[in-house]
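*Asks:*
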Amino acid sequence: MSNLGSFNNIYANLAESAYNKRPLNFPIKSNNKKEQLYDYSQDTIYKTNSGETSFTQGGTNLPNDGIVYLQPDPTLKITDKTMTIQVPKMNGGYETQTHITGEKQKGLLTDSEAGFNAYFVTDTPKLNKETKQTYLAIRGSDSIGLDTLNDWIGNDANFTLTIPILKNC
Amino acid sequence: MTQMKTPFDIFLTKDYTTPTKEEQIAYLKKHEQEMTDYVKSENPKVESVQWDWDSVDVGVAGNGTPQGAGVYLDISGKFNNIEDSSLTMTWQLKDEKSFPKISAMYLSQPLRIDGGAKYYE
Chain G
1 MSNLGSFNNI YANLAESAYN KRPLNFPIKS NNKKEQLYDY SQDTIYKTNS GETSFTQGGT
61 NLPNDGIVYL QPDPTLKITD KTMTIQVPKM NGGYETQTHI TGEKQKGLLT DSEAGFNAYF
121 VTDTPKLNKE TKQTYLAIRG SDSIGLDTLN DWIGNDANFT LTIPILKNC
Chain D
170 MTQMKTPFDI FLTKDYTTPT KEEQIAYLKK HEQEMTDYVK SENPKVESVQ WDWDSVDVGV
230 AGNGTPQGAG VYLDISGKFN NIEDSSLTMT WQLKDEKSFP KISAMYLSQP LRIDGGAKYY
290 E
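Top to bottom, those sequences are chains G and D. Note that the numbering used here has the first sequence beginning at 1, numbered continuously upward. Note that the numbering used here has the second sequence beginning at 170, numbered continuously upward.
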């Protein structure tokens, strides 16, 4: 696995942090109520399954000394995913049963059913006139699995197969 | 190999069993003191850790490729009974069928307080 060797490039830092289960990653569920501090000027440790230790070195010459704040998404709504089935009743007839099969998140920066996650990052705790830099980090595709098929098929394959110029590749 | 459930398991040539979340939690609970001691060694101001056992999560790290970048187990918690504190302990797993090697633990997130807006120094 290749993690960044250092946090010297703020864009690479944010791109890596947007993925799931990487050093200093952004939370997979974007449901923080408050801004989260990330300081890329500090070393971050990580280890392999056998215990071999590595570091991502703290970055130097970063904007705002590497300090950024992951902003909460106030538009985020977390609701249940439901499945409705018709079930025969004991004495004849049918009834409709609704079961909760999971959860879905939808907001400006998140659409769990479409496989979209983005993170809005600023260099001040709150977005105000002191803010100089803002960043939007969009998560790349996580590893393929039943829970990410919506992204791999709906987004990645769809893009590759429907862009006319790529059709001839 | 997870615990044998039937006497016929000795005939299994391939282990298809994956530890459940409950099994991973039970395994970590046995090592709770080592986990807490590690956090204390990383920050001497930590006196106690309140592990959120339900937060145990096993998943594949993302890197834009279909195969991903290794399987990891995370657990979150709070410390020093500070309500708005947070920390995350992580292990890389050999594969999704494995339990973590306890000594390979590390804090993949710094200790935070104030709902996450400050580092705990």
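Note that beta-carbon positions come from the ideal geometry of N, C-alpha and C, so glycine has one too. Model, not experiment: these values are computed from the prediction.
Tell me whether residue 226 of chain D sits in a helix, a strand or coil according to DSSP, three-state version.
*Replies:* Taking the first residue of the second sequence as position 1, residue 226 of chain D is located at position 57. Of the three classes helix, strand and coil, the one that applies to residue 226 of chain D here is strand, per DSSP.
*Asks:* Residue 14 of chain G and residue 121 of chain G - do their beta-carbons sit closer together than 8 Å?
*Replies:* Along the first sequence, read from residue 1 onward, the residue named residue 121 of chain G stands at position 121. Along the first sequence, read from residue 1 onward, the residue named residue 14 of chain G stands at position 14. A contact, by the Cβ cut-off of 8 Å.
*Asks:* Would you be able to state if there are at least three C-beta pairs under 8 Å between the stretch 51-64 of chain G and the stretch 104-118 of chain G?
*Replies:* no
*Asks:* Within 8 Å of any Cβ in chain D, is that where the Cβ of residue 45 of chain G sits?
*Replies:* Along the first sequence, one-based indexing puts residue 45 of chain G at 45. Interface residue, yes.
*Asks:* Helix or strand or just coil, what does DSSP make of residue 149 of chain G?
*Replies:* Within the first sequence, residue 149 of chain G is the residue found at index 149, counting from 1. Reduced to three states, the DSSP call for residue 149 of chain G is helix.
*Asks:* Between G:22, G:79 and G:110, which lies nearest to residue 100 of chain G when the distance is taken from Cα to Cα?
*Replies:* Taking the first residue of the first sequence as position 1, residue 100 of chain G is located at position 100. Measuring from the Cα of residue 100 of chain G, the nearest candidate turns out to be G:79.
*Asks:* Tell me which same chain residues have a C-beta within less than 6 Å of the C-beta of residue 135 of chain G, skipping the five on either side of it?
*Replies:* Within the first sequence, numbered from 1, the residue matching residue 135 of chain G stands at position 135. Cβ neighbours of residue 135 of chain G beyond the five flanking positions: 14 and 121.
*Asks:* As a quick exercise: from G:27, G:39, G:31 and G:98, pick the residue whose alpha carbon is nearest that of residue 9 of chain G.
*Replies:* Translated into positions along the first sequence, residue 9 of chain G becomes position 9. It is G:39.
*Asks:* Give me the residue from D:220, D:202, D:277 and D:221 with the minimum Cα distance to residue 21 of chain G.
*Replies:* Sequence index remark: in the first sequence, residue 21 of chain G carries index 21 (1-based). Ranking D:220, D:202, D:277 and D:221 by Cα distance to residue 21 of chain G puts D:277 first.
*Asks:* Quick one, which of D:245, D:287, D:241 and D:279 has its alpha-carbon nearest residue 269 of chain D's?
*Replies:* To locate residue 269 of chain D, count along the second sequence from 1; it is residue 100. Measuring from the Cα of residue 269 of chain D, the nearest candidate turns out to be D:241.
*Asks:* Cα separation between residue 72 of chain G and residue 131 of chain G?
*Replies:* Residue 72 of chain G sits at position 72 when you count from the first residue of the first sequence. Residue 131 of chain G sits at position 131 when you count from the first residue of the first sequence. Rounded to the nearest angstrom, the two C-alpha atoms are 16 Å apart.
*Asks:* Taking the straight line between their C-alpha atoms, what separation do you get for residue 138 of chain G and residue 92 of chain G?
*Replies:* Reading the first sequence from its first residue, position 138 is the one you call residue 138 of chain G. Reading the first sequence from its first residue, position 92 is the one you call residue 92 of chain G. About 52 Å.
*Asks:* My guess is that residue 12 of chain G and residue 4 of chain G are in contact by the Cβ rule of under 8 Å, so how many angstroms apart are they, rounded?
*Replies:* Numbered from 1 along the first sequence, position 12 holds the residue referred to as residue 12 of chain G. Numbered from 1 along the first sequence, position 4 holds the residue referred to as residue 4 of chain G. Between residue 4 of chain G and residue 12 of chain G the Cβ distance is about 6 Å, and since that is below 8 Å, they are a contact.
*Asks:* Please classify residue 137 of chain G: does DSSP put it in a helix, a strand, or coil?
*Replies:* Stepping through the first sequence from its first residue, residue 137 of chain G is reached at position 137. Of the three classes helix, strand and coil, the one that applies to residue 137 of chain G here is strand, per DSSP.
*Asks:* With DSSP as the reference, label residue 201 of chain D as helix, strand or coil.
*Replies:* Taking the first residue of the second sequence as position 1, residue 201 of chain D is located at position 32. In this structure, residue 201 of chain D counts as helix in the three-state DSSP scheme.
*Asks:* Just how far apart, CA to CA, sit residue 17 of chain G and residue 232 of chain D?
*Replies:* Taking the first residue of the first sequence as position 1, residue 17 of chain G is located at position 17. Taking the first residue of the second sequence as position 1, residue 232 of chain D is located at position 63. Roughly 10 Å separates the two Cα atoms.
*Asks:* Kindly indicate which three-state DSSP category residue 41 of chain G falls into: helix, strand or coil?
*Replies:* By one-based count along the first sequence, residue 41 of chain G stands at place 41. In this structure, residue 41 of chain G counts as coil in the three-state DSSP scheme.
*Asks:* Does the Cβ of residue 208 of chain D have 16 or more other Cβ atoms within 10 Å, making it buried, or fewer, making it exposed?
*Replies:* Sequence index remark: in the second sequence, residue 208 of chain D carries index 39 (1-based). Label assigned to residue 208 of chain D: buried.
*Asks:* Any idea which residues DSSP pairs residue 6 of chain G with across the strands?
*Replies:* The residue given as residue 6 of chain G occupies position 6 in the first sequence. Residue 6 of chain G is bridged to G:57.
*Asks:* Can you confirm whether residue 76 of chain G, when its beta carbon is compared against all beta carbons of chain D, has any partner nearer than 8 Å?
*Replies:* As a working note, residue 76 of chain G is residue 76 in the first sequence. Taking Cβ atoms only, chain D never reaches closer than 8 Å to residue 76 of chain G, which makes this a no.
*Asks:* In this structure, how does DSSP classify residue 170 of chain G when only helix, strand and coil are distinguished?
*Replies:* Nothing can be reported for residue 170 of chain G: it is not among the residues displayed for chain G, which extend from 1 to 169.
*Asks:* Which chain D residues sit within Cβ distance under 9 Å of residue 35 of chain G?
*Replies:* Here residue 35 of chain G refers to the residue found at position 35 of the first sequence. Residues of chain D passing the Cβ test: 284, 285 and 286.
*Asks:* From residue 170 of chain D to residue 42 of chain G, what distance separates their C-alpha atoms?
*Replies:* One-based indexing of the second sequence puts residue 170 of chain D at position 1. One-based indexing of the first sequence puts residue 42 of chain G at position 42. Here the model assigns residue 170 of chain D a pLDDT of 48, short of 50, so the residue's position is not dependable and the matter cannot be decided.
*Asks:* Along chain G, in chain order, which residues have C-beta atoms closer than 9 Å to that of residue 263 of chain D?
*Replies:* Sequence index remark: in the second sequence, residue 263 of chain D carries index 94 (1-based). What residue 263 of chain D touches in chain G: 49 and 50.
*Asks:* Quick check: what's the CA-CA separation for residue 54 of chain G versus residue 252 of chain D?
*Replies:* Position 54 of the first sequence, counted from the first residue, corresponds to residue 54 of chain G. Position 83 of the second sequence, counted from the first residue, corresponds to residue 252 of chain D. Residue 54 of chain G and residue 252 of chain D: Cα-Cα distance of roughly 31 Å.
*Asks:* In angstroms with no decimal places, state the Cα-to-Cα distance between residue 187 of chain D and residue 128 of chain G.
*Replies:* As a working note, residue 187 of chain D is residue 18 in the second sequence. As a working note, residue 128 of chain G is residue 128 in the first sequence. Approximately 48 Å, taken between the alpha carbons.
*Asks:* Taking C-alpha atoms, which residue in D:282, D:279 and D:261 lies nearest to residue 272 of chain D?
*Replies:* The residue labelled residue 272 of chain D in the question sits at position 103 within the second sequence. Minimum Cα distance to residue 272 of chain D is reached at D:261.
*Asks:* Give the DSSP-derived three-state secondary structure of residue 262 of chain D in the structure shown.
*Replies:* Position 93 of the second sequence holds residue 262 of chain D. Judged by DSSP in its simplified three-state form, residue 262 of chain D adopts strand.
*Asks:* Counting only Cβ-Cβ distances shorter than 8 Å, please list the residues of the stretch 224-250 of chain D near chain G, keeping chain order.
*Replies:* 228, 229, 230, 231, 232, 233, 234, 235, 236, 237, 238, 239, 241 and 243
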